[in-house]
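S.K.: Okay, here's the structure, questions in a sec.
In the working numbering, the protein residues as written are 6 to 255.
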């Protein structure tokens with residue numbers, strides 16, 4: 006992976022475009038991930054079941070430039086990501102499940118590349134090669150039931166994310182704005198969703214789903230705490246499916 010572009014200025018005297026090496030970027034980016042996973046499953050009783058595991062991920066990133074004036078960089082980090090699922094069987098047709106999982110979201114190359122983007126001399130952007138991944142802990146509690154004509158799944162969830170990557174803007178010398186990226190944010194999301202379907206006569210099937218959630222986010226920028234929150238929902242959505250009739254035999 007990487008990026009490669011040239012920035013050239015037009016020289017009216019020579020009527021040619023001259024390469025600006027400071028604004029050009031020939032960046033080679035590598036990301037290597039070493040992973041391993043272990044899990045076990047236990048039937049605690051006729052109704053209770055447990056599945057637990059953990060995943061190890063070791064990440065190594067590196068960047069190099071064709072322009073030797075910029076120093077290459079490398080950075081390594083590792084994560085152990087646990088997961089657990091507890092099932093309770095209410096009957097042959099319904100059950101309850103509680104699950105916990107930890108996940109990561111690695112930063113994009115654009116956030117990492119320490120190239121100083123100065124296409125606008127008064128608005129400079131520079132990446133941060135020391136960014137860590139965003140880490141999310143997710144908890145879910147779901148109930149499902151299923152029959153020949155009716156299916157329903159109702160779930161609630163809570164997600165907590167830390168080390169969220171946010172852009173930081175600072176005004177430096179002569180009013181020039183400098184934007185970079187840091188792991189300064191955290192957020193939490195509480196929500197629920199419902200899905201249901203029913204099959205009527207003549208194979209007519211009706212389906213619907215709805216989701217509602219409440220989000221809270223905060224970050225610390227220049228020792229100032231910034232927060233935002235809000236509720237979101239995607240109203241009830243419905244669809245119908247008609248069964249196909251088989252053509253008569255000739």
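Positions of the beta carbon are idealized from the N, C-alpha and C atoms, including for glycine.
#1: Please classify residue 113: does DSSP put it in a helix, a strand, or coil?
#2: Measuring straight from C-alpha to C-alpha, what distance separates residue 4 and residue 137?
#3: Which full runs of the beta strand (DSSP E) of 3+ residues lie inside the segment 108-172, going along the chain?
#4: Can you round the beta-carbon distance between residue 62 and residue 84 to whole angstroms, since I take them to be within the 8 angstroms contact cut?
#5: Considering only residues of the same chain and omitting the five flanking positions on each side of residue 151, which have a CB-CB separation below 7 angstroms?
#6: Residues in the same chain with beta-carbon distance under 6 angstroms from residue 104, minus the five sequence neighbours each way, listed in chain order, please.
#7: Determine, using beta-carbon pairs with one atom in the segment 162-171 and one in the segment 193-207, whether at least three such pairs fall under 8 angstroms.
#8: Since residue 181 and residue 127 are thought to touch, with beta carbons under 8 angstroms apart, how far apart are those beta carbons, to the nearest angstrom?
#9: Residues in the same chain with beta-carbon distance under 6 angstroms from residue 65, minus the five sequence neighbours each way, listed in chain order, please.
#10: Since residue 77 is in the beta strand (DSSP E), which residue starts that stretch and which ends it?
#11: Going by beta carbon distance, what residues of the same chain come within less than 6 angstroms of residue 69, once the five residues before and after it are set aside?
#12: Note down the Cα distance separating residue 166 from residue 143, rounded to an integer number of angstroms.
#13: Using C-beta distances below 7 angstroms, list every residue in its chain close to residue 154, excluding the 5 sequence neighbours before and after it, in chain order.
#14: Have a look at 92, 183, 238 and flag the residue whose alpha-carbon is nearest the alpha-carbon of residue 119.
#15: With distances taken from CA atoms, which of 40, 54, 35 is nearest residue 79?
#16: Taking the C-alpha atoms as reference points, what is the distance between residue 172 and residue 211?
#17: Near residue 239, which residues of its chain fall below 6 angstroms by C-beta distance, leaving aside the five closest residues on each side in sequence?
M.R.: In terms of the structure at hand:
#1: If you number the chain shown from 1, residue 113 lands on position 108. In the three-state DSSP reduction, residue 113 falls in the coil class, being neither helix nor strand.
#2: Residue 4 lies beyond the residue range present for the chain, which begins at 6 and ends at 255; the question has no answer from this structure.
#3: Complete beta strand (DSSP E) runs here, min 3: 121-125, 128-131, 139-151.
#4: The residue you call residue 62 lines up with position 57 of the chain shown. The residue you call residue 84 lines up with position 79 of the chain shown. Their Cβ separation, rounded to whole angstroms, is 5 angstroms, which keeps residue 62 and residue 84 in contact under 8 angstroms.
#5: Residue mapping note: residue 151 aligns to position 146 of the chain shown, counting from 1. Within the same chain, residue 151 has close Cβ partners 98.
#6: Sequence index remark: in the chain shown, residue 104 carries index 99 (1-based). Excluding the 5 residues flanking it on each side, residue 104 has same chain C-beta neighbours closer than 6 angstroms at 90, 145, in chain order.
#7: Segments in contact, yes.
#8: For this step, residue 181 is matched to residue 176 along the chain shown. For this step, residue 127 is matched to residue 122 along the chain shown. That pair is a contact at about 5 angstroms.
#9: Here residue 65 refers to the residue found at position 60 when the chain shown is read from its first residue. 37, 81.
#10: Looking up residue 77 in the chain shown gives position 72. Counting along the chain, residue 77 falls outside any beta strand (DSSP E), and DSSP gives it neither H nor E.
#11: In the chain shown, the residue the question calls residue 69 occupies position 64. If we look at residue 69 and ignore the five residues flanking it on each side, its Cβ neighbours are 33, 77.
#12: Position 161 of the chain shown, counted from the start, is the residue given in the question as residue 166. Position 138 of the chain shown, counted from the start, is the residue given in the question as residue 143. Taking the straight line from one Cα to the other gives about 9 angstroms.
#13: In the chain shown, the residue the question calls residue 154 occupies position 149. Within the same chain, residue 154 has close Cβ partners 203, 204.
#14: As a first step, residue 119 must be located in the chain shown, where it is residue number 114. Among 92, 183, 238, the Cα nearest to that of residue 119 is on 183.
#15: Indexing the chain shown from 1 puts residue 79 at position 74. Closest by alpha carbon: 35.
#16: By one-based count along the chain shown, residue 172 stands at place 167. By one-based count along the chain shown, residue 211 stands at place 206. Between residue 172 and residue 211, the C-alpha separation is close to 45 angstroms.
#17: As a working note, residue 239 is residue 234 in the chain shown. Once the five neighbours on either side are set aside, the close Cβ partners of residue 239 are 216.
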